[in-house]
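The next block holds one structure in the form of structure tokens; read it before the comments.
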């Protein structure tokens, strides 16, 4: 839940996206984070961003999208999608607390070129509850790559959003088709009720 | 283009999928393969399958889907999704010719646990033309992971199919949204015309 994807004046809005569509999941994710923390379960944060020297930025990615504002250029919230800059950091409502793993990832897939898989193996974690934005880009890509690696994934229906409501709706159905080919989805109230019963 | 996903009596049909929906792309892919070969461009084949000892099959994947026919069990075309069995091999129309790279992949993503990325780097290949089934599962997962690795990807609109036409249609639009966030799509006639002009 990065500022550049959720706040007015961020990178996403500069690309013409309606950031109003990704506001509903913020409070849902905050409630889930609080419940996971209370239950002693790990909360992991991922952010799409690149090293300040752009060494992990593919040329094809830098040339994509809006030619007026490229990744690495200076925008209204610091350099666009650069690790450590204000815009690439998390919004206040869903920010990490001390001790939580933060993954800086150069791709949409949170497993590519990161330590996420190794971290999860070390902690014996095999089940993931997934939230975030945007549903059909980073969220589903990460869920698909988690599924390939053998994780059982549960995507929170009201804990993810997209700039394009149709893409979200169809993505949720495609992920669970054919007997849960990528995993499952449910509403947050079910998860919260379970966590509160522990 | 594996028998188990395209032919009557295969694994996909046993899961309740309408394999009629994935027939149209077969002749398109065959035409593209012929044109690529004539132009001296590499054709790479991927197949989702597992080692006979199931050592690369995640428990979560084996337990998914139809509990009556699991991966590794004996089906009408040999052991389901096992490398070397008849069902996991390619349909005749789109089969490899001598010298072409065949990637056996345990996941949906053709880059996960395979040599595909290393092969492409060695050949200085940076642009991929992607075809196959099914659009919203293996095809888009592989395209998304290729994009993360810096490849420019072009998905052939009539060279991919899905058991669910709506999933194909929306996936194509989601891949090219936001200025080509995962890449681009076009019809095969454009590609064939270009290859024939070489």
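Protein chains in written order, with the numbering used here: chain V, 1 to 198; chain Z, 1 to 198. Here a beta-carbon is modelled for each residue, glycine too, at the ideal position from N, C-alpha and C.
Interface partners of residue i on chain V, CB under 9 Å
i                      : result
residue 23 of chain Z  : None at all; the shortest Cβ gap to chain V is about 18 Å.
residue 185 of chain Z : None at all; the shortest Cβ gap to chain V is about 15 Å.
Under the three-state DSSP convention, the category residue i falls into
i                      : result
residue 164 of chain V : coil
residue 91 of chain V  : coil
residue 149 of chain Z : coil
residue 40 of chain V  : coil
residue 138 of chain V : helix
residue 185 of chain Z : strand
residue 106 of chain Z : coil
residue 157 of chain V : strand
residue 115 of chain V : coil
residue 79 of chain V  : strand
residue 127 of chain Z : strand
residue 100 of chain Z : coil
residue 2 of chain Z   : strand
residue 132 of chain V : strand
residue 169 of chain V : helix
Chain-ordered neighbours of residue i on chain Z, where CB pairs are closer than 8 Å
i                      : result
residue 167 of chain V : 170, 173, 174, 177
residue 150 of chain V : 58, 59, 60, 61
residue 64 of chain V  : 179, 180, 181
Exposure label - residue i; buried when at least 16 CB within 10 Å
i                      : result
residue 161 of chain Z : buried
residue 5 of chain Z   : buried
residue 132 of chain V : buried
residue 94 of chain Z  : buried
residue 107 of chain V : buried
residue 190 of chain V : exposed
residue 181 of chain V : buried
residue 80 of chain Z  : buried
residue 17 of chain Z  : buried
residue 97 of chain Z  : exposed
residue 115 of chain Z : exposed
residue 152 of chain Z : buried
residue 183 of chain V : buried
residue 53 of chain V  : exposed
residue 40 of chain V  : exposed
residue 10 of chain Z  : buried
Contacts of residue i in chain Z (Cβ-Cβ under 7 Å)
i                      : result
residue 15 of chain V  : 178, 179
residue 107 of chain V : 148
residue 164 of chain V : 177
residue 264 of chain V : This structure cannot speak to residue 264 of chain V, because chain V is shown only from 1 to 198.
For residue j and residue i, believed in contact at Cβ under 8 Å, the rounded distance
i                      : j                      : result
residue 23 of chain V  : residue 90 of chain V  : The pair is not a contact, with the Cβ atoms about 15 Å apart (cut-off 8 Å).
residue 103 of chain V : residue 44 of chain V  : 7 Å
residue 172 of chain V : residue 185 of chain V : 5 Å
residue 188 of chain V : residue 158 of chain V : 5 Å
residue 87 of chain Z  : residue 75 of chain Z  : 6 Å
residue 142 of chain V : residue 125 of chain V : Rounded, the Cβ-Cβ distance is 14 Å, inconsistent with contact.
residue 57 of chain Z  : residue 71 of chain Z  : 6 Å
Partners in chain Z for residue i, counting only beta-carbon separations shorter than 9 Å
i                      : result
residue 122 of chain V : Correct list: empty, because the minimum Cβ distance to chain Z is about 18 Å.
Per-residue contacts from residue i into chain V (C-beta, under 7 Å)
i                      : result
residue 137 of chain Z : 181
Under 8 Å from the C-beta of residue i: neighbouring residues of chain V
i                      : result
residue 201 of chain Z : Nothing about residue 201 of chain Z can be read from this structure; chain Z reaches only from 1 to 198.
Cβ-heavy atom distance, residue i to the ligand ATP, below 7 Å
i                      : result
residue 152 of chain Z : The model on display carries no ligand, and the ligand ATP is accordingly not part of it.
C-beta neighbour in chain C for residue i, strict 8 Å
i                      : result
residue 137 of chain V : In the displayed structure, chain C is absent; the protein chains listed are V and Z.
(request) Spell out a yes or no on whether the region 150–164 of chain Z and the region 15–30 of chain Z are touching, meaning 3 or more CB-CB pairs, one atom from each, closer than 8 Å. (result) yes
(request) State whether the region 165–180 of chain V contacts the region 135–151 of chain V, with contact taken as three or more CB pairs (one from each stretch) at a distance under 8 Å. (result) Segments in contact, yes.
(message) Could you check whether the region 49–62 of chain V touches the region 145–161 of chain Z, counting it as contact only if at least three pairs of C-beta atoms, one from each stretch, sit closer than 8 Å?
(response) yes
(message) Would the region 108–126 of chain Z count as touching the region 30–39 of chain Z if we require 3 or more Cβ pairs under 8 Å?
(response) no
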